[in-house]
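Chains as they are written, first to last, in the UniProt record's numbering: chain R, 1 to 321; chain W, 1 to 265. Structure record follows, encoded as structure tokens.
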Ligand SMILES: Cc1cc2nc3c(=O)[nH]c(=O)nc-3n(C[C@@H](O)[C@H](O)[C@H](O)COP(=O)(O)OP(=O)(O)OC[C@H]3O[C@@H](n4cnc5c(N)ncnc54)[C@H](O)[C@@H]3O)c2cc1C
Ligand SMILES: Cc1cc2nc3c(=O)[nH]c(=O)nc-3n(C[C@H](O)[C@H](O)[C@H](O)COP(=O)(O)OP(=O)(O)OC[C@H]3O[C@@H](n4cnc5c(N)ncnc54)[C@H](O)[C@@H]3O)c2cc1C
């Protein structure tokens, strides 16, 4: 019976990264289509912290591998641990959310197992042994259906395309194992966390993004975000200029978001930006230039100065409350 | 320091990509080609490192004879010499990494710099496969703290820092929720993110000089690598188009739509 192994991820605070839940539901879908069963793996210093949570998502088993050497995430130490577990379980598919860690780690696991890999999988098609994956290419201008022909197949899963798994689906068996630990030629030095009181960009229901048109003044964008409990995003131009932290970049080579509402202010709508927000449910664009390509994907466009519109918008929204 | 940098040929990021009606690929007519932008950042970083620590930048590309254009571009930026793995036809990431492994074993660089992803296939895999095949450390998504307007950037200071004993590099990585710093023993694999540096333009003398710089030709057969792909691209299609939206005249009209039509506020 095909085994689908989904690798869970803990945040620096030890809590489960939310995108893991989307990967779990993708894993479940894959297991159903392939006629197999879902397993979840987590390695680290203290995976037990989220054991109770992981139990409830309808997996056959949750495999926890704790080791002091795995305190700080490094692809070089996590890959042997995951690959050895996958071999022991005879996993056919290994998947993980398309987070920074997923993209760093899984190709290394795939390399170890000489497995072919598909990045940013958006859909799982077919059944039984005949499974294909849909993934974006050329900044999402092309969707490709690909087939992986190696015995073990590796995937990262795009969180915006699969619902978050719901808890309370029975209790999976929790198994502990001692992870394979190998010496590493890389060592962790430090992690500078960008702390924000706002919701996580990839998880927020509403995202307010600013572009070069803000000239670096994010006051009104942040104000509107706080009024709506929204996350703040940005275009590459803004991150390059150092106006906001890098990890707020939305796009082909940044974060992919799909909130209920995405407001783009002073963003032209380059294809690389669109690649990261085109699947948002409702898109609003505020731009001075009526020809800006962002209007081609916007449900509601306003040709206007963002410095005038944003304060007005905040006042008007306040009236709804 | 000897640094090996990859230079993949990709469609110009500004070009409009269209899928062929039969789904067998993209329409090639009218497309312009460039070095993958992340690889150009890799070449720049390599040049900054050897400017500071001496050494040589060797650039490698895999593809048909047209990839020599991208190799010449890197040579014009200042790379010292080039390796061309002559191969036409499909090859997947496993194949590319296996070829690069052989080139690395031949060249014995201290550092290999690749792009974090190609802007055509967007796979983000080759650097990690290569590091695993070689048993080397990896630092993906290399970035820096300083902005593109900083003094450090203006002075072309490398963001990858060689440690005092010259046996390791420190790399700042762009990850979720912040920046992680790792130290990799050399030799190591680094993949570039967008904000590692702003690549230089090739100067006219640089372009002239590049014409006489050597390009060594290799083939998968010479490197004894089987490049039969394990990934089959079965079909390509255009993504579903969003339905056309409307322009709203003023803020009250916008809020009315968001509240009553889209029901998102
Ligand atoms: C005609 C054609 C047919 C194809 N058929 C297939 C197929 O059947 N199956 C399949 O899986 N793929 C196929 N491909 C795509 C395949 O060739 C990928 O480009 C290749 O696997 C590299 O993957 P990537 O660019 O996504 O790697 P990524 O992991 O996104 O790239 C990371 C880095 O690897 C380096 N790199 C990647 N490719 C090269 C290169 N050629 N030379 C130098 N450095 C490189 C670059 O530095 C890049 O920044 C085909 C492409 C073409 C043009
Ligand atoms: C390899 C590669 C990867 C990339 N990855 C990404 C990515 O992941 N994400 C991304 O965003 N970009 C990415 N880019 C960059 C992308 O191509 C664009 O350059 C970038 O998105 C432009 O940012 P912008 O829209 O803020 O700036 P601009 O294109 O300069 O647009 C600014 C807009 O603001 C408008 N404006 C100015 N003043 C006002 C005002 N007062 N009120 C209202 N509107 C105003 C202007 O009309 C203009 O349309 C990438 C590029 C490459 C080559």
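Backbone N, C-alpha and C define an ideal beta-carbon position, used for all residues, glycine too.
Listed as beta-bridge partners of residue 61/W by DSSP are 84/W. The criterion of a C-beta distance shorter than 9 Å is not satisfied by residue 59/R and residue 152/R. The CB of residue 163/W never comes closer than 8 Å to any CB in chain R; the least such distance is about 11 Å. Taking a beta-carbon distance threshold of 9 Å, residue 242/W counts as an interface residue toward chain R. Its Cα nearest to that of residue 147/W, the residue 245/R stands out among 32/R, 245/R and 134/R. Between the C-alpha atoms of residue 158/W and residue 104/W there is a straight-line separation of about 22 Å.
For residue 123/W, the CB falls within less than 8 Å of some heavy atom of ligand 1.
With respect to chain W, the C-beta atom of residue 316/R has a partner C-beta closer than 9 Å. Residue pairing by DSSP places residue 33/W opposite 11/W in a beta bridge. Beta bridge pairing from DSSP links residue 210/R with 234/R and 265/R. Counted as a single uninterrupted DSSP element, the stretch harbouring residue 112/R is not any beta strand (DSSP E) but the alpha helix (DSSP H) occupying residues 100-112.
The Cβ atoms of residue 316/R and residue 21/W lie no closer than 9 Å to each other.
Only residues of its own chain outside the window of five on either side were considered, and among them 98, 135, 136, 156 and 158 have a CB closer than 7 Å to the CB of residue 120/R, listed in chain order. Nearest in C-alpha terms to residue 78/R, of all of 261/R, 207/R, 20/R and 186/R, is 186/R. With a cut-off of 8 Å, the C-beta of residue 61/W is classified as near ligand 1, since at least one heavy atom of the ligand falls inside that distance. In this structure, residue 32/R keeps its C-beta atom at 9 Å or more from the C-beta atom of residue 1/R.
Chain W has no Cβ within less than 9 Å of the Cβ of residue 46/R. A Cβ of chain W is located within less than 9 Å of the beta carbon of residue 184/R. Within 8 Å of the C-beta of residue 158/R there is not a single heavy atom belonging to ligand 2. Ranked by Cα distance from residue 319/R, the options 255/W, 87/W and 41/W are led by 255/W. For residue 39/R, the secondary structure class from DSSP, reduced to helix, strand or coil, is strand.
Between residue 138/R and the set 260/W, 26/W, 4/W and 257/W, the nearest pair of CA atoms involves 26/W.
Taking a contact as a CB-CB distance under 8 Å, the pair residue 85/W and residue 62/W counts as one, their CB atoms being some 4 Å apart.
In this structure, residue 252/R has its beta carbon at no less than 8 Å from each heavy atom of ligand 1. Listed by position along chain W, the residues whose Cβ is nearer than 7 Å to that of residue 116/R are 92, 94, 230 and 231. Of all residues in the stretch 125-159 of chain W, only 125, 126, 127, 128, 129, 130, 131, 132, 133, 135, 136, 137, 138, 139, 140, 141, 143, 145, 146, 147, 148, 149 and 150 come within less than 9 Å of chain R when Cβ atoms are compared, listed by chain position. Within chain W, no residue has its beta carbon less than 7 Å from that of residue 20/R; the closest one is some 12 Å off.
Following the DSSP letters along the chain, one finds residue 147/W in no beta strand (DSSP E), marked with neither H nor E.
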